[in-house]
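Everything below concerns the one structure shown next.
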């Protein structure tokens, strides 16, 4: 039968002694930086590199599959671009994932009109942004010690 006499190739071994490669990796600044980014001990990271170098047949812990290959397996699997678009719609409020995200009808363009409508007044209020835009300080300041009857 076919396949019975197949010879399994011997895994590739390092061309240099393991101790020499280990010392070189431990001294490499890029390896140290990668270990720091991964938040693992440098020695542990180097051992993981050596383990994969000595056992190339070992499957990686993370496999990245291109979008085209995933779509060929299952057309319902979203691509990276589709995921980005979906997440952006959530951020923009187009897709609501919770009632707390419901739009309240307010926007930045009519903030001043809403503010004045809420106060039922067109008067510039003390501390309002308009009060700081070149208007004289006396135009908006009110002396809390004076009552309306004191103005005579």
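Residue numbers (the numbering used here): 588 to 739.
We put the CB at the ideal spot given by N, CA and C, even for glycine.
These numbers come from a predicted model, not from an experiment.
* Unbroken alpha helix (DSSP H) run spanning residue 648, endpoints -> No alpha helix (DSSP H) holds residue 648; DSSP gives it neither H nor E.
Requested in this report: Quick one: residues in its chain with C-beta nearer than 7 Å to the C-beta of residue 657, no 5 flanking neighbours on either side, listed in chain order?
Outcome: 664
Problem - Inter-residue spacing [alpha-carbon to alpha-carbon] between residue 641 and residue 654 - result: 31 Å
Which stretch, first to last residue, makes up the alpha helix (DSSP H) that contains residue 619? 616 to 625
- prompt: Would the stretch 632 to 640 and the stretch 604 to 618 be scored as touching if the rule is three or more Cβ pairs under 8 Å?
  reply: yes
**Item:** Residue environment, residue 622, which counts as buried when at least 16 other CB atoms sit within 10 Å
**Value:** buried
Fill in: Exposure label - residue 627; buried when at least 16 CB within 10 Å
exposed
Is residue 658 helix, strand or coil by DSSP?
helix
Margin query: I need the DSSP call for residue 609, collapsed to helix, strand or coil.
Written below: helix
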